[in-house]
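Trainee:
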Amino acid sequence: MQKSISKSGVAMALTTALALSATSGVVSANEKEKCYGVALAGENDCKAGPGTSCAGSSTRDYQGNAWSIVAKGTCESIKSPTSPTGMGQLSEFTEKM
């Protein structure tokens with residue numbers, strides 16, 4: 392006995408596989424956090440001190456008052472040469488010289 396596979400069955404299987412692979416890398420907003428001092432100049436997600444507009448407005452690498460969104464629990468393991476601890480911070484900080 393030979394089984395036949397319909398084109399619609401194959402299409403549905405492929406669509407399901409693609410949908411699952413596309414959503415597996417998605418992280419919800421509550422699984423993310425703001426991490427200060429890790430963004431490069433012009434690559435922050437928001438906030439970069441007085442007189443700046445928001446995203447992309449940081450003027451220096453690792454600026455202490457500019458943040459990027461990172462996966463929750465990873466911020467303080469990301470290197471930040473301007474941070475007092477040498478790692479990203481969960482709140483803004485005064486940069487060390």
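Mapping the sequence shown onto the working numbering, position 3 (from 1) lands on 394, and the numbers just tick up by one.
We treat Cβ as the ideally placed atom computed from N, Cα and C, and that holds for glycine.
(1) If you run the structure through DSSP and keep just helix, strand and coil, what is Cys426?
(2) Please list, in chain order, all residues of the same chain as Glu422 whose beta carbon is under 7 Å from its beta carbon, the five residues on each side excluded.
(3) Name the two residues that bound the continuous beta strand (DSSP E) containing Ala462.
(4) Could you give the DSSP three-state label for Cys437: helix, strand or coil?
(5) Once you ignore the five residues that flank Ser459 on each side, which residues in its own chain have a CB closer than 8 Å to its CB?
(6) Within a Cβ cutoff of 8 Å, which residues of the same chain sit near Ala432, ignoring the five residues on either side of it in sequence?
(7) Could you compute how far the alpha carbon of Met488 sits from the alpha carbon of Ser474?
Mentor: For this structure:
(1) strand
(2) Ala462, Lys463
(3) 457-462
(4) strand
(5) Lys425, Cys426, Val429, Ala430, Glu434, Asn435, Asp436
(6) Ser449, Thr450, Arg451, Asp452, Gln454
(7) 9 Å
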